[in-house]
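Inspection log for the structure reproduced underneath, given as structure tokens.
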Amino acid sequence: MKYWFACQTKAGVSMEHIVASVDIALSLMNIIAEKGAMGLTELSRVSGINKSRVYRLMCTLEDRHYIVKSGEPIVYRLGYQALVVGRSAKEQNTLVRLAGPILDHLQTIHDENLQIRVRDHDEVVQIMSRASMQPLQVRSRAGNRRRLGEGASGEVLLAFAPQAVQEIFIREKENDIGFADYLNNIREKNIAITKGAITPGIWAYAVPVFDESMMCVASLSLSAPAERAVNKERQFIKSLLTCSCELSLELACPKEHLERAYATLNLESGNDC
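42 is the number that numbering that gives the first Met the number 0 gives to position 43 of the sequence shown; each next residue is one higher, with no gaps.
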């Protein structure tokens, strides 16, 4: 995981519009959000920012209640104001609002780990999840990031990314002459399946979610230990495809755009969601 600060901007954002101190403060909050409570020394090490500057920024964020400190030795964690902002973002984000009930329903059916991930330039970010209640499981935090193309969700989001984005990754894999065909197969079947790609012994299934412009705005994924997945794979795929179609329809995606998803297993809308 790399952390980029004022010297690195997102595509389309001019350097002259970036306020360095704000950029670093937000990056520090992102680190704490992803990794949990951290002490000053560790936060400085992970961020690459000197301790005195990290301390001043933590004091500023603490004053605004975005950060709280506690314990001995002192650690910093997200404060109540971060929770307020997060709750407001959830209420204002249509995808998150609509996906919640679908994730809840899928969890009652399968009781496996579920995630909603979105593409952020060349990364994949987990924005929602539901954790399995079973003893054998692998968990991941909201805010978790990985490179686009990694894992089942990353493969789906890459396969449905703009062609220019895909070509960058295809060029990187010039020795893998079948990679472009692999992405095309994901688009044809509307699903990516990986077995042990991120975590040994864990199988993952991911499907695209489309909006009114027929663009893939997210992936819906399920991960499970191989010993459970091997006997339930068809059920997982059927549920994911059906529920992703329902979510896409709620996001105003035209039904005809979802025909390939239905065709994959001859699904009819509403079977499992």
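Backbone N, C-alpha and C fix where the C-beta goes; we use that ideal spot for every residue, glycine too.
Three-way DSSP call (helix, strand, coil) for residue i in this model
| i | result |
| --- | --- |
| Pro-207 | strand |
| Ile-17 | coil |
| Gly-154 | Note that residue 154 is Glu in the sequence shown here, rather than Gly. Helix at Glu-154. |
| Ser-131 | coil |
| Lys-254 | helix |
| Tyr-79 | helix |
| Glu-171 | helix |
| Val-67 | strand |
| Pro-100 | helix |
| Thr-198 | coil |
| Ile-275 | Because the chain here runs from 0 to 272, residue 275 falls outside it and cannot be looked at. |
| Met-160 | Note that residue 160 corresponds to Ala in the displayed sequence, not to Met. If DSSP states are grouped into helix, strand and coil, Ala-160 belongs with coil. |
| Asn-29 | helix |
| Asn-184 | helix |
| Ile-23 | helix |
| Ile-48 | coil |
| Glu-267 | For Glu-267, the pLDDT reaches just 42, beneath the cut-off of 50, and the residue's location in the model is therefore unreliable, although a value from the coordinates is still provided. In this structure, Glu-267 counts as coil in the three-state DSSP scheme. |
| Asn-92 | coil |
Per-residue burial, residue i [other beta carbons within 10 Å of its own, 16 or more giving buried]
| i | result |
| --- | --- |
| Met-57 | buried |
| Asn-183 | exposed |
| Asp-103 | exposed |
| Ile-108 | exposed |
| Gly-70 | exposed |
| Gln-91 | exposed |
| Gly-150 | buried |
| His-16 | exposed |
| His-216 | This sequence places Val at residue 216; His is not what is there. By the 10 Å Cβ count, Val-216 comes out buried. |
| Ala-191 | buried |
Sequence-distant residues of the same chain with beta carbon closer than 8 Å to residue i, five excluded per side
| i | result |
| --- | --- |
| Asp-180 | none |
| Arg-95 | Residue identity check: residue 95 is Val in the sequence provided, not Arg. The answer, listed in chain order, is Ala-88, Lys-89, Ile-115, Ile-126 and Met-127. |
| Pro-72 | Gly-38 |
| Thr-40 | Lys-50 |
| Leu-77 | Met-28, Ile-31, Ala-32, Tyr-65, Ile-66 and Val-67 |
Residues near residue i in its chain [Cβ-Cβ closer than 7 Å; skip 5 each side]
| i | result |
| --- | --- |
| His-256 | Phe-209 and Met-213 |
| Gln-133 | Asp-110 |
| Glu-187 | Arg-259 |
| Tyr-75 | Ile-31, Ala-36, Met-37, Leu-42, Met-57, Ile-66 and Lys-68 |
| Gly-148 | Glu-154, Leu-157 and Phe-168 |
| Ser-46 | Tyr-2, Ser-26, Leu-27, Ile-30 and Val-53 |
| Phe-178 | Ile-169 and Lys-172 |
For residue i: DSSP bridge partner residues
| i | result |
| --- | --- |
| Glu-122 | Asp-119 and Arg-146 |
| Asn-112 | Ser-222 |
| Met-37 | Tyr-75 |
| Cys-215 | Phe-209 |
8 Å Cβ cutoff, residue i in contact with chain C
| i | result |
| --- | --- |
| Arg-86 | Reference to chain C is not applicable here, since this structure consists of a single protein chain. |
Beta-carbon contacts of residue i that lie in its chain and below 6 Å, excluding the five residues immediately before and after
| i | result |
| --- | --- |
| Ala-81 | Tyr-65 |
| Val-124 | Val-117 and Arg-144 |
| Leu-42 | Val-53 |
| Gly-142 | Ala-32 and Glu-33 |
| Ser-222 | Asn-112, Ile-201 and Ala-203 |
| Ala-225 | Gly-200 and Trp-202 |
Note to self: Measuring CB atoms only, is the segment 222-237 touching the segment 197-213, in the sense that at least three cross pairs come out at less than 8 Å?
What the structure shows: By the Cβ rule, the segment 222-237 counts as touching the segment 197-213, because three or more pairs are nearer than 8 Å.
Next item on the list: Indicate whether the contact test is met: 3 or more Cβ pairs, each with one atom in the segment 244-253 and one in the segment 206-215, closer than 8 Å.
Entry: Flag = yes, the segment 244-253 and the segment 206-215 touch.
Margin query: Would the segment 251-258 count as touching the segment 190-197 if we require 3 or more Cβ pairs under 8 Å?
Written below: Taking 8 Å as the limit for Cβ pairs, the verdict is that the segment 190-197 does not touch the segment 251-258.
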